[in-house]
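Here the structure comes first, spelled out in structure tokens, and everything after it is commentary.
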Amino acid sequence: MRSHSFIIKIFALLALFLIAGSILASDRPDQPGRSPAQPVDDEYTRKILEYTTKPYFKSPLVDYLPASPTVPTPKAVLGDIAGAPGKLPYSAEVYRYMRMLEKATPRVRVYSIGTTEEGREMIAVAVGSDENIAKLEENRARLAKLADPRTINMDDSTADTLVTESTPIYYITGTIHSPETGAPTALMELAYRIAVDDSPYIKTIRDNVITLITPIVEVDGRDRMADVYNWHLAHPGENYPPLLYWGKYVAHDNNRDAMGLTLKLSENILNTYLHWKAQVLHDLHESVPYLYDNTIGDEPYNAWLDPILTDEWQLLGWKNVSEMTKFGMPGVFTHGTFDTWSPGYLMFMAATHNGISRLYETFGNGGADTVERELQPGEYERTWYRQNPPMPKTLWSQRNNNNYEQTGLLISLHFFAENSKMFLHNFYLKSKRSILKPQNEGPAAYVFPADDPRLVDQAALLRLLQRQGCEISRAREAFTVDIPVRRPPRGPEEGAPAAGGDGQQPRRPQPKTEAHTFPAGSYIVRMDQPYSRIADMLLDYQYWSPTDPQRSPYDDTGWTFGELFNVKVVRVTQPKVLEAPVERVQGEVKASSAVNGNGTVFLVNNAAEPALIQLRYRLKSAEISVAEDPFEASGHKYNRGSFIIHKVDAAEMARVATDLGIQAAAADSAPSVKSHPARAARIAILHSWQATQTEGWWRMALDKLGIPYEYISTQKVAKDSDLNLKFDVILFPPVGRGGPQQIIAGLPMWGNPLPWKKTSLTPNMGTDDSTDDIRPGLGWTGLENLQRFVQRGGLLVTVMDTSDLAVEYGLTQGVSIARPQRLKLVGSVIKSRLVDGASPIAYGYDDGVSIYSFQGPIFNVSNSVGGRGGRRFQPEGEERTTGRGTRGDPDTPQGRPTADIPEEPRSEAWQATPLTDEQRRNNVGLIPPVYRPRVVFRYADNRELLVSGLVDGGTEIAQHAAVIDVPVDRGHIVLFSNNPIWRGETIGSYSMVFNAIVNFDNLNAGRKLDEK
Ligand SMILES: [Zn+2]
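Going by the working numbering, the sequence shown opens with residue 533, and the numbers climb by one from there.
Structure below.
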């Protein structure tokens, strides 16, 4: 037995030697390569080489795995190596491994950082030298001082000492996008390498950086993706369903939530980043061959960033590319097409909080299959920023992906370790410069006036800033500062000449500022704080030039939060604002609530805030009526749509008012104003199986407000011929994929069924809704059922592409949609105008509210079926025909008596042109006045259309209807061109939908009918 085991040992050593012989050994800290003194795990190493499809898809950093007698490799959990084909671990397996590491070595610690919407755990794993990990807290305390230089009196020499003593934190996050599957195994192996590898190169990292890892950001989506992959393995040769739900609410957009912070993953990552005072947030994605370091990106750069950061991007990005290029790894590049304008990406949490944002796109196969991949020319062609492009065609494996991810990360970590003092000093400088903002570039503060009529939503926006880490102050007394005089916008329609020069009259000088007094109790977001940058970025205005060289914005171009929340926010540049007597707000900002007066009837004003619909559902047994006209009571003014509440006891009213932060007034009797009952409508949110993301933002909004609804699919609608039995209101948010035809047709029925449901093989699927086959769509029956639902008195709310569906398939009458020719409206904040303030949909709104629009459908309205709407009279600026007289005269045909020219009916772009007697005669398409589309909001005139973002060719949509209420038989269809519920950012337009819901059976209130 003894000699036998001896022989095995000899063979093992020999094998080790053979493998090790091909591996670069290095004892230099600046060069990668295994430590000559440390054995490699030969079996693991052999598998790395086996699963890597070409020699040039690996590097000297990852072509071996060091062996440890005490620390388990990822194989302990995976049964194979990281990145092995056919294995996609669940979150539980990934976590189990990280906790095994924690048990086996003092160099690893695992922290629970919160849970997901579905209750799954999120973790962060810290890896570093024994000493760095043992002294994490002391280090964190030092970093906290660098993060807030006010704590060291902005003293640079104290900062220098802290920098010398501190170790930076590099935070890596994996697989936020669930079909991008490689990161978890790459990060398991990375943690092992940093903890175990004794090569001087890795030791440099371990000693000089604390690597923090969240291996899975979207945990709910990861487990579902593992299900889908396992289903695919169990059904070889069949199509497998696309990953429909990633997180509970949204898919890809989970990486657009860094502004609104509505998702648990955003909250948990930001809290971790801020708690640790990390210097980097590096997010891993997979959609580009082979490693696109999009950190540097392309212009336009976000305008609020410290230039120190954008220089750091260049440093890190190019270091990454040049080192991997030297390793001979093809397809590694930076720059590319990604613009860094929007701060909505997860990684941007670092950019907006004085750190460094980074992102890799590596290449993935959407699972763990090894697949022959063929690229498109745009992907493999050489360009100035991609001198060593990917291969046009190659066999690609998940191990290749893991090699690229780890190699890039290790190079970055090493560069960061070597320059840790510079990066820490930069961190301090950026934090300090954020505090110096008022004296430097400004502004000095943003003021939220106490006399804003929308204090509930004001508080909501202030709470968002608090979650972003901002400090909020409140004025103890009134204060006066100079603020800019707002001039009416000068737009393309005016073509006003520039002042002065060329002999033109110089413009009369106008005062640039005016003194303004803000009342006591106004909130102040001071810019002399470390996280001033994120507040400035969210509250300021954005302008994306139509002539910008960047032709395809990567995401939304405008987001001004004060506008989208419909609350007043005043940008103040005068540093004097910082002298206003204030107190720091302790705890969450909350609107003050009260029930004033005595009596059994309660009055609540409608200020178009979501709190009002919450009230309807919270006071379940109360009788609530809605005022159709403005009224006054006890000296207070109430808008149309205000609530008059009966049959609720005072204690309950007080409790709910406190919860919602609203003001109510008690009265002995109801005011004498025309009103109608507000019943708690039974709501459904309708989704297609084509895509479930954009509607996910709607579900989330209702869930957060506690508004009950049933979640139904187009397939369910197709099977239910009496939807009115269960629902009063069906919300059909945008599908965002395929258009109206595909919503109806669904996916082609050839091939195999594509189930989305919970089974023992797929335990994480089908949680919110399920089907045996996602392919069938709404179908003609479904369309008919929706039509019947409306005809019998239901309310259907449609938005963007579902409005397109309602119009194109004839559910509405008198509305048509013009196709844009050169309109470019890319996720912008747009000004609307109020057309019919008596419509219940407009209750509580002032004129000029900002809305979010993304290439919204261009509505035209008409008084006859089949009419295309639009102006009948000669468009402005167009010439009369050639003839007698001056330009303004009529022509006079010769040789017959002159005839009076009848006056053409005139209308605006949002109106239906009145029909002439000629057109009305025997016109079967003539819509009776009671069924004509009622335009409630329209897009503003072109010159004032843009609030924030990008509008080009705006004349095509300017002035056209934005929100239309179409009466259909006994019910209504409300069509939206804007998206009123988007990414938790558009709180100000939520009430357009909620008003419709609350007044679903009285939408004709206040309506003035045409005479003929
Ligand atoms: Zn991605």
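Note that beta-carbon positions come from the ideal geometry of N, C-alpha and C, so glycine has one too.
3-residue-minimum beta strand (DSSP E) runs that sit fully inside the stretch 1294 to 1376, ordered along the chain:
1327 to 1331, 1347 to 1350, 1360 to 1366
Roughly how far, in whole angstroms, is the beta-carbon of TYR1063 from the beta-carbon of SER944, given that I think they are within contact range, below 8 Å?
As a first step, residue 1063 is located in the sequence shown; it is residue number 531 there, counting from the start. As a first step, residue 944 is located in the sequence shown; it is residue number 412 there, counting from the start. Not a contact, Cβ separation roughly 25 Å.
SER1207 versus ASN1531 - alpha carbon distance
Here the question's residue 1207 lines up with position 675 in the sequence shown. Here the question's residue 1531 lines up with position 999 in the sequence shown. Going by the C-alpha atoms only, they are around 11 Å apart.
Can you tell me whether MET654 is helix, strand or coil according to DSSP?
As a first step, residue 654 must be located in the sequence shown, where it is residue number 122. If DSSP states are grouped into helix, strand and coil, MET654 belongs with the strands.
With which residues is PRO598 paired in a DSSP beta bridge?
Here the question's residue 598 lines up with position 66 in the sequence shown. In DSSP, PRO598 forms a bridge with VAL572.
Can you list, in chain order, the residues of its chain whose CB lies under 6 Å from that of GLY868, leaving out five sequence neighbours each side?
Start at 1 with the first residue of the sequence shown, and residue 868 comes out as number 336. TYR824, ASN826.
Can you find a heavy atom of ligand 1 that lies under 7 Å from the Cβ of SER591?
Working through the sequence shown from its first residue, we reach residue 591 at position 59. Flag unset: Cβ of SER591 not near ligand 1.
Could you give the uninterrupted runs of the beta strand (DSSP E) lying entirely in the stretch 695 to 731, keeping only those of 3 residues or more?
701 to 705
On the criterion of 16 or more Cβ atoms from any shown chain inside 10 Å, does VAL1525 qualify as buried, or is it exposed?
One-based indexing of the sequence shown puts residue 1525 at position 993. When all chains shown are included, VAL1525 counts as buried.
Let me check one thing: in DSSP terms, what residues is ASP1484 bridge-paired to?
Position 952 of the sequence shown, counting from 1, holds the residue named residue 1484. Looking at the DSSP assignment, ASP1484 forms a beta bridge with LYS1356.
Can you list, in chain order, the residues of its chain with a C-beta nearer than 7 Å to that of THR605? Leave out the 5 residues immediately preceding and following it.
Translated into the one-based positions of the sequence shown, residue 605 becomes position 73. Around THR605: ASP573, TYR576, LEU597, TYR724.
Go ahead and label GLY1035 buried or exposed: buried means 16 or more other beta carbons lie within 10 angstroms of its beta carbon, across all protein chains shown.
Here the question's residue 1035 lines up with position 503 in the sequence shown. Note that GLY1035 scores 43 on pLDDT, short of 50, meaning its location in the model is unreliable; the coordinates nonetheless yield the value given after this. Exposed, by the Cβ-count rule.
Inter-stretch contact at 8 Å, needing at least 3 Cβ pairs: the stretch 1450 to 1458 / the stretch 1301 to 1315:
no
Three or more C-beta pairs closer than 8 Å, one from the stretch 717 to 737 and one from the stretch 1245 to 1257: is that the case here?
no
By a C-beta neighbour count over all protein chains shown, 10 Å radius and 16 as the cutoff for buried, is MET1281 buried or exposed?
As a first step, residue 1281 must be located in the sequence shown, where it is residue number 749. That one is exposed.
Quick check: ALA976 and MET1069, are their CB atoms within less than 8 Å of each other?
As a working note, residue 976 is residue 444 in the sequence shown. As a working note, residue 1069 is residue 537 in the sequence shown. No, Cβ-Cβ distance for ALA976 and MET1069 is not below 8 Å.
Closer than 7 Å: SER521 CB and nearest ligand 1 heavy atom:
Given that the chain is displayed from residue 533 to residue 1544, the structure contains no residue 521 and the question cannot be resolved.
Considering only heavy atoms of ligand 1, list every residue whose Cβ is less than 6 Å from one of them, following chain order.
HIS709, GLU712, HIS817, SER819
Identify every run of the alpha helix (DSSP H) within the stretch 1094 to 1123, keeping only runs that are complete inside it and at least 4 residues long; order them along the chain.
none
State buried or exposed for ARG674, treating a residue as buried only when at least 16 other CB atoms are found within 10 Å of its CB.
For the purposes of this step, residue 674 is identified with residue 142 of the sequence shown, where counting begins at 1. With 16 or more other Cβ atoms within 10 Å, it is buried.
Looking at the unbroken alpha helix (DSSP H) that takes in TYR1149, where does it start and where does it end?
Start at 1 with the first residue of the sequence shown, and residue 1149 comes out as number 617. Looking at the DSSP string, the run of the alpha helix (DSSP H) that includes TYR1149 is 1143 to 1150.
Identity of the residue in PHE980, GLY1427, ASN932 nearest PRO1010 by Cα
Here residue 1010 corresponds to residue number 478 of the sequence shown, with the count starting at 1. Residue identity check: residue 1010 is Ala in the sequence provided, not Pro. Comparing Cα positions, the closest option is PHE980.
DSSP three-state call for PRO592: helix, strand or coil?
Locating residue 592 in the sequence shown gives position 60, where the first residue counts as 1. Coil.
Roughly how many angstroms lie between the CA atoms of HIS807 and GLU1003, to the nearest whole one?
Mapped onto the sequence shown, residue 807 falls at position 275. Mapped onto the sequence shown, residue 1003 falls at position 471. Those two C-alpha atoms are separated by around 15 Å.
Using DSSP with H/G/I as helix, E/B as strand and the rest coil, what is GLN1036?
Position 504 of the sequence shown, counted from the first residue, corresponds to residue 1036. Note on GLN1036: pLDDT 48, under 50, position unreliable in the model; no value is reported.
Using beta-carbon positions only, say whether ALA1374 and PHE1469 come within less than 8 Å of one another.
For this step, residue 1374 is matched to residue 842 along the sequence shown. For this step, residue 1469 is matched to residue 937 along the sequence shown. Contact: yes.
According to DSSP, which residues form a beta bridge with ARG1470?
Taking the first residue of the sequence shown as 1, we reach residue 1470 at position 938. Beta-bridge pairing links ARG1470 to ARG1365, ALA1493.
Given a cut-off of 8 Å, decide if THR1518 and TYR1377 are closer than it, judged by their beta-carbon atoms.
As a working mapping, residue 1377 is identified with position 845 in the sequence shown. As a working mapping, residue 1518 is identified with position 986 in the sequence shown. No, Cβ-Cβ distance for TYR1377 and THR1518 is not below 8 Å.
So what does DSSP say about THR866, is it helix, strand or coil?
Along the sequence shown, one-based indexing puts residue 866 at 334. If DSSP states are grouped into helix, strand and coil, THR866 belongs with the strands.
Between the stretch 699 to 710 and the stretch 746 to 761, do three or more beta carbon pairs fall short of 8 Å?
yes
Range of the contiguous alpha helix (DSSP H) that encloses ASP1421
Reading the sequence shown from its first residue, position 889 is the one you call residue 1421. Careful: ASP1421 lies outside any alpha helix (DSSP H) and carries neither H nor E.
Can you tell me whether GLU625 is buried or exposed, with buried defined as 16 or more other CB within 10 angstroms of its CB?
Residue 625 sits at position 93 when you count from the first residue of the sequence shown. GLU625 comes out buried.
DSSP-derived helix/strand/coil call for TYR892
What you label residue 892 is simply residue 360 of the sequence shown in a count that begins at 1. TYR892: strand per DSSP, three-state reduction.
Buried or exposed for ARG510, please, with buried defined as at least 16 other CB atoms from any protein chain shown within 10 angstroms of its CB.
Missing from the structure shown is residue 510; the chain here goes from 533 to 1544 and no further.
Report the rounded CA-to-CA distance for SER1439 versus PRO1446, giving the unit in angstroms.
For the purposes of this step, residue 1439 is taken as residue 907 along the sequence shown, with counting starting at 1. For the purposes of this step, residue 1446 is taken as residue 914 along the sequence shown, with counting starting at 1. Computed Cα separation, rounded: 7 Å.
Identify every residue that forms a DSSP beta bridge with THR508.
In the structure displayed, the chain extends from 533 to 1544; residue 508 sits before or after that span and is not available.
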